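In the UniProt record's numbering, the protein residues as written are 57 to 329. Ideal Cβ positions, reconstructed from N, Cα and C, are used throughout, including at glycine. Keep in mind that this is a model prediction, so the values were computed, not measured. Shown next, in structure tokens, is the structure this report addresses.
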Ligand code: ADP
Ligand code: MG
């Protein structure tokens with residue numbers, strides 16, 4: 057198949073936006089699936105107790121399954137929690153179960169509470185699964201789970217819904233990213249913004265897109281994800297849209313987004329050497 061450059065150092069992206077329903081989970085699983093189609097090996101870490109990313113990747117996540125919860129509290133290793141998605145041999149998931157709902161509070165009293173995910177995902181901990189990308193799906197809050205995701209990553213990907221109040225809360229998100237950067241993880245930066253649920257028939261969608269591009273410049277991917285029924289149906293079948301309907305506009309646009317994201321690896325590799 058198509059082949060994209062493999063990163064010298066694996067790329068870890070946190071998919072964050074404390075607003076719910078903007079397409080974080082949809083983006084995590086479909087971008088992951090796209091990158092896998094492009095020949096890269098990808099791990100999705102589900103950090104939302106709802107476990108929607110795990111569902112979409114077709115990975116079991118009933119209570120008691122070794123998951124991101126046990127990983128964070130140190131009961132299992134990443135190698136014990138990782139599962140392969142049934143639809144691709146390059147796509148992996150550390151699922152989330154409902155047990156994660158209490159973690160936000162449990163973590164408060166733990167040592168190194170902000171760095172637990174980073175430590176747990178150390179390359180050696182993945183025991184032979186050589187991943188190129190890790191995408192972390194965050195819950196809709198800026199609590200300790202999201203902070204753990206930001207400490208584990210170098211990059212933040214912000215999905216922005218082309219709707220009213222699209223930029224609401226983004227200022228707060230950016231301030232949190234700066235805090236994490238100055239106190240916990242100097243590497244962290246917003247590398248990528250993806251416009252989601254774009255409806256080309258509305259003037260509003262174009263206005264939002266323009267405003268976002270003015271604000272974030274070339275960090276905004278040229279690919280825009282359209283609002284599409286296929287995208288919203290796919291998780292109900294335990295699939296990403298790339299498996300559910302590979303020819304659909306939703307699938308093609310996520311593939312375009314994945315290609316753009318992966319193409320940036322070449323620049324990163326060059327800067328490191
Ligand atoms: P978040 O993780 O930010 O809460 P989701 O990814 O769960 O957001 O998306 C919220 C809802 O919108 C879900 O029901 C999802 O299926 C739907 N959705 C997301 N992206 C699209 C899209 N491009 N077209 C249609 N529906 C979408
Ligand atoms: Mg979600």
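Among 114, 79, 75 and 63, whose alpha-carbon lies nearest the alpha-carbon of residue 291? Here residue 291 refers to the residue found at position 235 when the chain shown is read from its first residue. The shortest Cα separation from residue 291 among 114, 79, 75 and 63 belongs to 114.
Check whether the Cβ of residue 146 lies closer than 7 Å to any heavy atom of the ligand ADP, and answer yes or no.
In the chain shown, residue 146 corresponds to position 90, counting from 1. False, no ligand heavy atom lies under 7 Å from that Cβ.
query: Residue range of the alpha helix (DSSP H) that residue 262 falls in?
result: Within the chain shown, residue 262 is the residue found at index 206, counting from 1. From DSSP, the alpha helix (DSSP H) with residue 262 extends over 259 to 272.
### Query
At what residue ranges does the region 81 to 139 contain a whole run of the alpha helix (DSSP H), taking only runs of 4 or more?
108 to 112, 124 to 129 and 134 to 137
Practice problem: Find the nearest neighbour of residue 130 within the set 141, 171 and 144, judged by alpha-carbon distance. | Solution: In the chain shown, the residue the question calls residue 130 occupies position 74. Minimum Cα distance to residue 130 is reached at 171.
The region 59 to 73 / the region 278 to 297 touching (three or more Cβ pairs under 8 Å):
At 8 Å Cβ cutoff, the stretches do not touch.
Is residue 179 helix, strand or coil by DSSP? Working through the chain shown from its first residue, we reach residue 179 at position 123. The answer is helix: DSSP assigns residue 179 an H, G or I state.
field: Check whether residue 134 and residue 163 have beta carbons under 8 Å apart
entry: Walking along the chain shown from the start, residue 134 turns up at place 78. Walking along the chain shown from the start, residue 163 turns up at place 107. No Cβ-Cβ contact shorter than 8 Å links residue 134 with residue 163.
(message) If you measure between the beta carbons of residue 61 and residue 325, is that distance less than 8 Å?
(response) The sequence position of residue 61 within the chain shown is 5, counting from 1. The sequence position of residue 325 within the chain shown is 269, counting from 1. Yes, these two residues count as a Cβ contact at 8 Å.
Comparing the CB of residue 104 with every heavy atom of the ligand MG, is any distance shorter than 7 Å?
-> For the purposes of this step, residue 104 is taken as the residue at position 48 of the chain shown. Residue 104 Cβ: within cutoff of the ligand MG.
Q. Closer than 7 Å: is that where the CB of residue 81 sits relative to any heavy atom of the ligand MG?
A. On the chain shown, position 25 is the one that residue 81 refers to. Checking every heavy atom of the ligand MG against the Cβ of residue 81, one is found closer than 7 Å.
Review point. Which residues in the same chain as residue 321 place their Cβ atom closer than 6 Å to its Cβ, once the five residues preceding and following it in sequence are excluded?
Key: Taking the first residue of the chain shown as 1, we reach residue 321 at position 265. So the list reads 61 and 63, once near-sequence residues are dropped.
task: Compute the distance between the beta-carbons of residue 125 and residue 168, then report whether it is under 8 Å.
output: Here residue 125 refers to the residue found at position 69 of the chain shown. Here residue 168 refers to the residue found at position 112 of the chain shown. In this structure, residue 168 does not lie closer than 8 Å to residue 125 by Cβ.
query: Is residue 98 closer than 8 Å to residue 193 when the C-beta atoms are compared?
result: Translated into the one-based positions of the chain shown, residue 193 becomes position 137. Translated into the one-based positions of the chain shown, residue 98 becomes position 42. Not a contact, by the Cβ cut-off of 8 Å.
* Asked: Sorted by chain position, which residues of the same chain lie with C-beta nearer than 8 Å to residue 96's C-beta, five sequence neighbours on each side aside?
  -> Sequence index remark: in the chain shown, residue 96 carries index 40 (1-based). Apart from sequence neighbours up to five positions away, the residues of its chain that approach residue 96 with a beta-carbon distance below 8 Å are 60, 62, 146, 188, 189 and 318, ordered along the chain.
- Do residue 272 and residue 249 come within 8 Å of each other at the CB atom, strictly closer than that value? Taking the chain shown and counting its residues from 1, one reaches residue 249 at position 193. Taking the chain shown and counting its residues from 1, one reaches residue 272 at position 216. The answer is yes: Cβ separation under 8 Å.
*Have a look at 118, 110 and 197 and flag the residue whose alpha-carbon is nearest the alpha-carbon of residue 140.*
Working through the chain shown from its first residue, we reach residue 140 at position 84. For residue 140, the nearest C-alpha among the options comes from 110.
Could you tell me the distance, in whole angstroms, from the CA atom of residue 76 to the CA atom of residue 217?
Against the chain shown, residue 76 aligns to sequence position 20. Against the chain shown, residue 217 aligns to sequence position 161. If I take the Cα positions, the gap works out to 10 Å.
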